[in-house]
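Peer 1:
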Amino acid sequence: DAGVTQSPTHLIKTRGQQVTLRCSPKSGHDTVSWYQQALGQGPQFIFQYYEEEERQRGNFPDRFSGHQFPNYSSELNVNALLLGDSALYLCASSPQPTSGGNEQFFGPGTRLTVL
Amino acid sequence: QKEVEQDPGPLSVPEGAIVSLNCTYSNSAFQYFMWYRQYSRKGPELLMYTYSSGNKEDGRFTAQVDKSSKYISLFIRDSQPSDSATYLCATGGLTGGGNKLTFGTGTQLKVEL
Chain A
33 DAGVTQSPTH LIKTRGQQVT LRCSPKSGHD TVSWYQQALG QGPQFIFQYY EEEERQRGNF
93 PDRFSGHQFP NYSSELNVNA LLLGDSALYL CASSPQPTSG GNEQFFGPGT RLTVL
Chain B
599 QKEVEQDPGP LSVPEGAIVS LNCTYSNSAF QYFMWYRQYS RKGPELLMYT YSSGNKEDGR
659 FTAQVDKSSK YISLFIRDSQ PSDSATYLCA TGGLTGGGNK LTFGTGTQLK VEL
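Next up, the structure:
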């Protein structure tokens, strides 16, 4: 049973560019959440997707957007990259929030470096 | 004030020691609590999940929650060098239609031979 997968593993971009990160959830999970983890910090919630809609959003600017596909996989897009966007981007999957399964299982992350 | 406070350490203990890791939280709406282990440059791995006050045990790990004082703990018995990692506490509640997690900053643990 494959866990949460993310691609790419590493990415280097320059300021002002745009980036797309991808995530496939754990088998049987239909909810995907994205988190940003800066060095030495805990993960910060970006947003959560369920049924192809943004269900919940954290305190991130509109430059951060996402999408969920019918197969439950998800993308995170970041426009107009800033140096401060350099971080480990984590995807987590879980069963539907109101079904009682609140555990979130994380992927290995995508390390984004903005130069 | 952060919603979840966690001492970043680092915490260094000898092999075989009992480790105590702690977090406090401020939001009474938080309903469930998790502990994750994160090795360097890897994704967090779920260790423990609980949604009520009291203790939950799994092998060498015990999670403890005291909702009255908003205090959560993770105990590791017979600590091993392979336990050296960053331990993240996380809390959540069914608010805003979703179940986002709020994390502490993580405590870096080193278990020495």
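Same order as they appear, the protein sequences are chains A and B. Residues in the first sequence are numbered consecutively from 33, following my numbering. Residues in the second sequence are numbered consecutively from 599, following my numbering. All C-beta atoms, glycine included, are put in the ideal place defined by N, C-alpha and C.
(1) Between the alpha carbons of B:S638 and B:D681, how many angstroms are there, rounded?
(2) Listing by chain order, which chain B residues have their CB less than 7 Å from the CB of A:N134?
(3) Which partner residues does A:Q69 have in the DSSP bridge list?
(4) Interface residues of chain D around B:F701 at Cβ under 9 Å?
(5) Scan the segment 623-647 of chain B and note each continuous beta strand (DSSP E) run of 3 residues or more that stays entirely inside, going in chain order.
(6) Going along the segment 627-653 of chain B in order, which residues come within less than 9 Å of chain A, judged by CB to CB distance?
(7) Does the structure place the segment 616-634 of chain B close enough to the segment 107-127 of chain A that three or more beta carbon pairs sit under 8 Å?
(8) Am I right that B:V617 and B:I670 are in contact with their C-beta atoms under 8 Å? What's the rounded C-beta distance?
(9) Give a yes or no on whether the C-beta atoms belonging to B:Q706 and B:T689 are separated by under 7 Å.
(10) Does A:P93 have its Cβ less than 7 Å from a Cβ in chain B?
(11) Have a look at B:Q662 and B:G702 and give me their C-alpha separation to the nearest angstrom.
(12) Of all the CB atoms in chain B, is at least one closer than 7 Å to the CB of A:R47?
(13) How many Å lie between B:N620 and A:Y81 at the Cα?
(14) Under 7 Å Cβ-Cβ, which residues of chain A neighbour B:L686?
(15) Which stretch, first to last residue, makes up the beta strand (DSSP E) that contains A:H61?
(16) Going by beta carbon distance, what residues of the same chain come within less than 7 Å of A:Y67, once the five residues before and after it are set aside?
(17) Nearest chain A C-beta to B:G614 closer than 7 Å, yes or no?
(18) Mapping the DSSP letters down to three states, classify A:P57 as helix, strand or coil.
(19) Could you tell me which chain B residues have their CB closer than 9 Å to the CB of A:S126, listed as they occur along the chain?
Peer 2: According to the structure shown:
(1) 12 Å
(2) Y630, G690, N697
(3) A:L120
(4) Any reference to chain D falls outside this structure, whose protein chains are A and B.
(5) 630-636
(6) Q629, Y630, M632, Y634, Q636, R639, K640, G641, P642, E643, L644, Y647, Y649
(7) no
(8) With a beta-carbon spacing of about 15 Å, B:V617 and B:I670 fall beyond the 8 Å limit used to define contacts.
(9) With contacts defined by Cβ atoms closer than 7 Å, B:Q706 and B:T689 do not form a contacting pair.
(10) no
(11) Between the alpha carbons of B:Q662 and B:G702 lies a gap of roughly 16 Å.
(12) no
(13) 31 Å
(14) G74
(15) Taken as a continuous stretch (DSSP letters only), A:H61 belongs to no beta strand (DSSP E), as it is neither H nor E.
(16) P75, Q76, F77, I78, L122, A124
(17) no
(18) When secondary structure is reduced to three states using DSSP, A:P57 falls in the coil class, being assigned neither helix nor strand.
(19) N697
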